[in-house]
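Report on the following structure.
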Amino acid sequence: MSKCLVTGGAGFIGSHLTELLLRQGHHVVVLDNLSTGRDHNLDAVRSNNRLEIRQGSITDPLALSEAVHGVDMIFHLAAAVGVKLVADDPVRTIETNIFPTEQLLRLAVQGNVKKFFLASTSEVYGKHPGESWVEDDDLHLGPTSRPRWAYGCSKAIDEFLALAYHRKYQLGVTVGRFFNVVGPRQVGNYGMVVPRFVEAALRGGPVLVYDDGSQVRCFAHVGEIVQCVVQLMNTPSAEGRVFNIGSDQPVSILSLAQQVISKTGSNAEIEFVPYNKAYSEDFEDVQRRVPNVDRLYQTIGRKPVMPLDSILADIIQWKKETLHKG
Ligand SMILES: NC(=O)c1ccc[n+]([C@@H]2O[C@H](COP(=O)([O-])OP(=O)(O)OC[C@H]3O[C@@H](n4cnc5c(N)ncnc54)[C@H](O)[C@@H]3O)[C@@H](O)[C@H]2O)c1
C-alpha cells in the first residue's frame with residue numbers, strides 16, 4: 030500500500046478521491062486550505078486512522094514540504110477553480126495555480142516520489158473550434174486582456190512543467206484534463222452549472238441560463254472520474270502522457286436546465302441572462318466542449334459512461350438530503 034498526498038483533498042473531486050484511496054487500503058495525507066473545499070466533505074472518513082488532514086495552503090512552502098514527507102504518490106488537485114472565481118480574481122488564480130505546482134514537482138523529485146497526477150482541465154483547449162477535442166490538438170486560448178483565460182493558461186503552464194519534470198527527472202507524471210465533472214458535494218457558488226440549476230429548481234426557480242443555452246457540454250459523474258484517475262496512476266504506460274477524462278455524451282445547457290426542472294418536479298421558469306450581466310462586459314464563453322476519450326479508453330479499458338439521467342438523479346437526491354438536514 031502507498032502513502033498518497035491529495036492536495037485539495039477536502040474539495041469536491043478531492044474528497045471522493047480520498048475516499049477511494051482509503052477504500053483501497055492506502056494511507057492518505059490531505060492538504061487543503063478550505064477556501065472552496067469543505068471540512069465536512071471528509072466526514073465519512075475522518076475517523077479512519079490511515080487519513081491525515083492538514084489544513085494549510087499549497088502557497089506556503091513549509092506546509093507543502095511537510096505534507097510531501099514520506100509520500101509515494103501525489104495527486105495535485107488544489108487550485109483556484111471555477112469560471113466565476115477565476116474571472117473575478119485572476120491574481121489568486123495565477124498565484125495558486127503556477128508556483129506551488131512547480132514547488133510540488135521539485136519536492137516530489139527530491140523526495141523520490143514515484144507517481145504524480147496533475148489535475149488539469151478542458152479549459153486549456155480554450156476556444157477550440159473542433160467537434161471533439163484530442164489531447165495533442167493545438168490550444169486556442171483567448172487574449173491576455175481577458176482574465177477568464179488565466180485559468181486555462183495557468184493549467185497549461187502546469188502541464189508544461191509536469192511533462193518537463195517527467196523528461197528531465199523521470200518523475201512518473203500523468204496529466205488528466207477533466208471535462209465538467211459533477212456529483213454530490215459540488216457547490217454552485219463558484220459558477221458550476223449543475224449544482225446551480227439543481228439548487229434553483231428545488232427553490233422553485235428561476236433557473237438562470239446564460240446567453241441562449243445553446244452551449245454544448247458533457248457531464249461525467251465524479252465516482253467514475255476518480256476511478257479513472259486511480260487506474261491511470263496504476264498503469265505504467267500512462268506515465269509522461271496527457272489524458273482527456275470526461276464523458277463524451279454532449280448536451281446543450283438549455284436541455285440540461287429542462288431536464289433538471291423535470292427531474293426535480295419543479296415549476297421553475299427558465300430565465301435567459303446575457304453573459305455581460307452574469308460575468309463581466311468582456312466575458313467570452315466556449316460554445317462546444319466535447320472530449321475525445323479514445324486515449325483514455327485504450328490505456329485503461331474504461332471511460333465515464335453514466336447517463337446524464339442517472340447522474341442528475343444522484344445529485345438531486347443528495348441535494349434534497351442536505352437541504353433536509355439543514
Ligand atoms: N469540477 C470540474 O468539472 C473540473 C474540471 C476541470 C478541472 N478541474 C480541476 O480539478 C481539481 C479539483 O477541482 P474541484 O472541482 O474538486 O474543485 P474544488 O474547489 O472543490 O477543489 C479544489 C480544492 O483545492 C483547495 N484549495 C484551493 N486553493 C488552495 C490552496 N492555496 N492551498 C490548499 N488547498 C487549496 C480548495 O479548498 C478545494 O478543496 C482542480 O485542480 C480543478 O482545476 C475540475
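Numbering (the numbering used here) for the sequence shown: 30 to 355.
Note that the Cβ used here is the ideal one computed from N, Cα and C, for glycine as well.
Judged by beta-carbon spacing, Val-245 lies beyond the 8 Å limit of Ser-276, meaning their Cβ atoms are not closer than that value. Asp-166 and Leu-285 have their C-alpha atoms roughly 28 Å apart.
If you draw a 10 Å sphere on the C-beta of Lys-184, you find 16 or more other C-beta atoms in it, and that means buried.
At least one heavy atom of ligand 1 sits closer than 7 Å to the Cβ of Gly-37. Within the same chain, and ignoring the five residues on either side of Leu-283 in sequence, the residues whose Cβ sits closer than 8 Å to its Cβ are Val-238, Asp-241, Gly-242, Ser-243, Ile-299.
At least one heavy atom of ligand 1 lies less than 7 Å from the C-beta of Ser-151. Taking 8 Å as the cut-off, the Cβ atoms of Phe-207 and Phe-146 do not count as close. Between ligand 1 and the CB of Ser-64, the shortest heavy atom gap is smaller than 7 Å. With a 10 Å radius around the Cβ and a threshold of 16 neighbouring Cβ atoms, Gln-215 comes out buried. Look at Val-110: its beta carbon is less than 7 Å from one of the heavy atoms in ligand 1. Residue state for Leu-60 is assigned as strand, using DSSP reduced to three classes.
Relative to Cys-247, the option among Leu-50, Glu-160, Phe-41 whose CA is nearest is Glu-160. Looking at the backbone, the Cα of Val-153 and that of Glu-253 are separated by about 22 Å.
Separation of Asp-311 and His-157 (C-alpha to C-alpha, rounded to the nearest whole angstrom) is 19 Å.
For the alpha helix (DSSP H) assignment, the uninterrupted runs of no fewer than 4 residues enclosed by the segment 306-348 are, from N- to C-terminal side, 323-329.
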